[in-house]
Amino acid sequence: MKEMILTITFKSDPSYLPIIRSVIRGISSHKTSDPVLIGDIELSIHEALANVIGYAYRNEPNHRVNLSVSWSNEDIFFEIRDTGQASLIPFAPPLPELGEIEIEDLMECGRGLFFIYRLMDEISYINEKGGNTLLLRKHFAY
Amino acid sequence: MELDVKALDRFLSITPQAKSIETFNSREFKIKVIDLINQNHNQIILNLSEVDFIDSNGLGSLIAILKLLTAQQGKIVICGAREPIKRIFNLTRLNQVLQLVESEEDAKFFLEDGPRASSDL
């Protein structure tokens, strides 16, 4: 059974993301003591929130981002809502094969979506008239 | 973001005095390091011992620095990275293009003589 833990609303200012990460870390550590798993959750939720700020809100700092966290016996769930434009979340870029390209051709961006897709177990995204909702699930009971 | 900068022989050691290199501070980090490179320093030891979080924008800054140094026939070696940082480099496979070693001494050795083995980290 899914149990709601908390909902946070914060300004779309990336300097607040370290505070949100500390909350995510605290919640995750209630369910697992695996530092790698906690770090993976922290990084992927950070990237999802940074994506909202950067793309949905185009780095404008005075919008609202809503993060809800819930859990069940084996999973932790995140719901991220914003009222900005459509997100890049549905477009997961493949990671380039580094062995096949030169350093000068390395992309400086695009790895945020890679982290979300690589580290989360389930991703769904809804773009409605009023904004975007991103649902993420991570299984932690291995 | 403050950077602790010191000369180690003919190399420049740069230690970011921040817990993270991420969306809100990565641009400042990149500009400050590029300023140092443009002051005729192209053998860089980046000490990440104070850093416990890097996001995709932080990685983008490191790639920009790597590309600039490569274009100038320079080198960068990263030392002191903690386990979460190493994991991020491994996940993105940037450990294939950014050399990671344990200590500043190892970094100096690498810059002087090249890699001692593929087992660095």
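Protein sequences, first through last, are from chains A and B.
Residue numbers for the first sequence follow our numbering, so the first one is 188 and each next one is one higher.
Residue numbers for the second sequence follow our numbering, so the first one is 155 and each next one is one higher.
Quick reminder that beta carbons are idealized off the backbone N, C-alpha and C, glycines included.
Asked: For the beta strand (DSSP E) containing A:Val252, name the first residue and the last one.; Found: Arg251 to Trp258
Asked: Counting only C-beta atoms, is A:Met307 closer than 9 Å to chain B at any point?; Found: no
Asked: Let me check one thing: in DSSP terms, what residues is A:Lys198 bridge-paired to?; Found: A:Arg251
Asked: Identify every run of the beta strand (DSSP E) within the region 221-263 of chain B, keeping only runs that are complete inside it and at least 3 residues long; order them along the chain.; Found: 229-233 and 253-255
Asked: For the alpha helix (DSSP H) containing A:Lys206, name the first residue and the last one.; Found: Per the sequence shown, the amino acid found at residue 206 of chain A is Ile instead of Lys. From DSSP, the alpha helix (DSSP H) with A:Ile206 extends over Leu204 to Lys218.
Asked: Are the C-beta of A:Ala243 and some C-beta of chain B separated by less than 9 Å?; Found: no
Asked: Do you know whose CA, among A:Thr320, A:Asp227, A:Ile192 and A:Thr219, lies nearest A:Pro277's CA?; Found: A:Thr320
Asked: Compare the Cα-Cα distances from B:Ile230 to each of B:Glu176, B:Phe178, B:Phe263 and B:Ala172 and report the closest residue.; Found: B:Phe263
Asked: Give me the chain A residues within the contact set of B:Pro170, using Cβ-Cβ distance strictly less than 9 Å, ordered along the chain.; Found: Within chain A, no residue comes near B:Pro170; the closest Cβ sits about 15 Å away, beyond 9 Å.
Asked: Can you tell me the Cα-Cα spacing of B:Arg181 and A:Leu300, whole angstroms?; Found: 19 Å
Asked: How far does the alpha helix (DSSP H) with A:Ala273 in it extend, from its first residue to its last?; Found: Unbroken run through A:Ala273: none, as it is neither H nor E.
Asked: Locate the alpha helix (DSSP H) running through A:Ile310, then write down its first and last residues.; Found: Careful: A:Ile310 lies outside any alpha helix (DSSP H), inside the beta strand (DSSP E) at Glu309 to Glu315.
Asked: Please state if the CB of B:Ala261 and the CB of B:Ile199 are separated by a distance shorter than 9 Å.; Found: yes
Asked: Where does B:Val159 sit, in a helix, a strand or coil, going by DSSP?; Found: strand
Asked: Please confirm if A:Pro222 has its CB atom under 9 Å from at least one CB of chain B.; Found: yes
Asked: Taking the C-alpha atoms as reference points, what is the distance between B:Met155 and A:Leu193?; Found: 32 Å
Asked: One question on the structure: do A:Val252 and A:Ser199 come within less than 9 Å of each other, judged by their Cβ atoms?; Found: yes
Asked: Does the distance from the CB of A:His233 to the CB of A:Arg268 come in under 9 Å?; Found: no
Asked: For B:Leu166, I'd like the list of residues in its chain whose CB is within less than 8 Å of its CB, leaving aside the five on either flank, ordered along the chain.; Found: Val159, Lys160, Leu190, His195, Gln197, Ile198 and Ile199
Asked: Measure the alpha-carbon distance for A:Glu289 versus A:Ser311 and round it to whole angstroms.; Found: 34 Å
Asked: Got a sec? Which residues, its chain only, sit under 6 Å from A:Lys325 by beta carbon, not counting five neighbours each side?; Found: Ile228, Ile263, Met307 and Asp308
Asked: Hey, is B:Leu220's beta-carbon within less than 9 Å of any beta-carbon in chain A?; Found: yes
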